[in-house]
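Reviewing the structure listed below.
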Amino acid sequence: MAAVERCLPRGFLFATRPACDGIHRQILEVAGDEIDPAELSAFMKYWTSRHSYRDAVWRGEARRNLDGTIAGAPTIDQRNQAGRQLWGSRYRPIVEPGEVKAAA
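Under this note's numbering, the letters of the sequence shown match residues 46 to 149, in that order.
Put into structure tokens, the structure is as follows:
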């Protein structure tokens with residue numbers, strides 16, 4: 046994973062911000078042959094499974110491109126998935142404004 050860390054901007058490693066969808070392609074573009082795609086995949090699995098990362102997604106923090114620019118926000122579904130991963134069956138889903146829960 047050292048090769049992956051060498052190719053990432055310093056701020057990416059220290060700040061827990063949700064990455065944009067497809068950031069692995071951006072990393073491979075910058076790194077060229079220096080990174081093995083399988084190694085990058087393993088790193089990204091680790092990175093996105095951390096509690097602090099999932100918490101940032103659940104809070105709806107802006108997703109970032111590799112250069113730090115904003116790439117949108119996590120969707121309600123992505124935020125709910127992060128919440129389920131963090132709190133399991135105790136999690137109560139986020140409901141979009143205007144959405145009415147079905148009667149039980």
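Glycine included, C-beta positions come from ideal geometry on N, C-alpha and C.
Subject >> Opposing strand residues paired with R109 [DSSP bridges] >> reply: Against the sequence shown, residue 109 aligns to sequence position 64. Paired residues: A64 and I115.
**OP:** Using alpha carbons as the reference points, say which of R51, V75, N125 and R108 lies closest to C65.
**Re:** Here residue 65 refers to the residue found at position 20 when the sequence shown is read from its first residue. Of the candidates R51, V75, N125 and R108, the one whose C-alpha sits nearest the C-alpha of C65 is R108.
Subject >> CA-to-CA distance, S97 to G133, given in whole angstroms >> reply: By one-based count along the sequence shown, residue 133 stands at place 88. By one-based count along the sequence shown, residue 97 stands at place 52. Each residue's CA atom was taken as its position, placing G133 and S97 some 16 Å apart.
Original post:
Between the C-alpha atoms of A87 and G143, what's the straight-line distance to the nearest angstrom?
Top reply: The residue given as residue 87 occupies position 42 in the sequence shown. The residue given as residue 143 occupies position 98 in the sequence shown. About 39 Å.
Original post:
What are the start and end residues of the alpha helix (DSSP H) that includes T120?
Top reply: One-based indexing of the sequence shown puts residue 120 at position 75. Where T120 is concerned, there is no enclosing alpha helix (DSSP H), given that its DSSP letter is neither H nor E.
**OP:** For my contact list, V75 and L111 are in at a C-beta cut-off of 8 Å; report their separation, rounded to the angstrom.
**Re:** As a working note, residue 75 is residue 30 in the sequence shown. As a working note, residue 111 is residue 66 in the sequence shown. That belief holds up - the Cβ atoms of V75 and L111 are roughly 7 Å apart, short of 8 Å.
**OP:** Could you tell me how far apart the beta carbons of R127 and R95 are, in whole angstroms, since I believe they sit closer than 8 Å?
**Re:** Within the sequence shown, the letter at position 82 stands for residue 127. Within the sequence shown, the letter at position 50 stands for residue 95. According to the sequence shown, residue 127 is Ala rather than Arg. About 11 Å; that fails the 8 Å criterion.
Original post:
What number of angstroms, rounded off, separates the C-alpha of M89 from the C-alpha of A116?
Top reply: Taking the first residue of the sequence shown as position 1, residue 89 is located at position 44. Taking the first residue of the sequence shown as position 1, residue 116 is located at position 71. Each residue's Cα considered, the two are about 17 Å apart.
**OP:** Go to D100, then tell me how far its alpha helix (DSSP H) extends in each direction, as first and last residue.
**Re:** Locating residue 100 in the sequence shown gives position 55, counting from the first residue. Counting along the chain, the alpha helix (DSSP H) containing D100 begins and ends at H96 to R104.
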